[in-house]
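Residue numbers (the working numbering): 1 to 284.
Cβ coordinates follow ideal geometry from the N, Cα and C atoms, glycine included.
If you're wondering where the values come from, they're calculated on a predicted model, not measured in any experiment.
These notes concern the structure reproduced below.
In structure tokens form, the structure reads like this:
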């Protein structure tokens, strides 16, 4: 369903391009799936953010899926002080586990419960077919959901999310981190509503059928992104290295923000994000 959601959000030169999707063995979590994506989203940034980023850029997403545990990390090649890390733990309960990750419990004031039925979503994302108060599954007979569903619905699962973000640039840190957390909340809420509303598309599929579905959706999504970029002339010529594409005035601005040009990593060899400082746990 993530593959379908990515495809829906792609177009106009922006969206999600899948670079890697392959099996991998994690030293701690065992066999799983590694996915790397490039997310193009310049037009979705607020005006104050557009003033400090290149006109054309992408965010790198690396996700390790070792169900029931997943780790997702985001980085931007020209912002070495920016990072997002999302840990996920799936459990068969209604969100009553106060320490799902088994380490240090998150302070209660930093915990947000997301209700896929009643929590409001941005109007632009609303679809009647994804309104769970009206939805009903043809395959399973589940739905529509009613208030109080979390207390008596069977089966039920909770997706526990621990979201950490850091943007260590003076003058932009607080505003940027608040913007990130607010948007991640909306993305998680919309995405999990869709995962339930689209149940008839995935219920009963074997793992092999899931991988085949992913491959089909990824090819369609990548084609949409690249076709739009080609039509806009964004991919007409090879992109120059970031160290040569930033103007003198931009370089001075970045230096005033504390970004050292010599420390900018090459996009093809960027490492995992640095340890973030802001913590928020989200339940759906």
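For the pair residue 160 and residue 21, the Cα-to-Cα distance works out to about 23 Å.
DSSP, reduced to helix, strand and coil, places residue 198 outside both helices and strands of the structure shown, so it counts as coil. Membership of residue 25 in the beta strand (DSSP E) is indicated by the continuous run 15-26. If you draw a straight line from the Cα of residue 216 to the Cα of residue 7, it comes to about 10 Å.
With respect to residue 119, residue 188 sits apart: the two C-beta atoms are not nearer than 7 Å. Using a 10 angstroms sphere on the CB of residue 92, the tally of other CB atoms stays under 16, which defines it as exposed.
Distance from the CA atom of residue 152 to the CA atom of residue 4, rounded to whole angstroms, is 30 Å. With a beta-carbon spacing of about 19 Å, residue 185 and residue 94 fall beyond the 8 Å limit used to define contacts. Relative to the Cα of residue 79, the nearest Cα in the group 166, 103, 65, 34 belongs to 166. Residue state for residue 64 is assigned as strand, using DSSP reduced to three classes.
Taken in chain order, no unbroken stretch of alpha helix (DSSP H) lies wholly in the segment 58-116 with a span of 4 residues or more. Going by DSSP, residue 150 is part of the alpha helix (DSSP H) stretching over 149-152.
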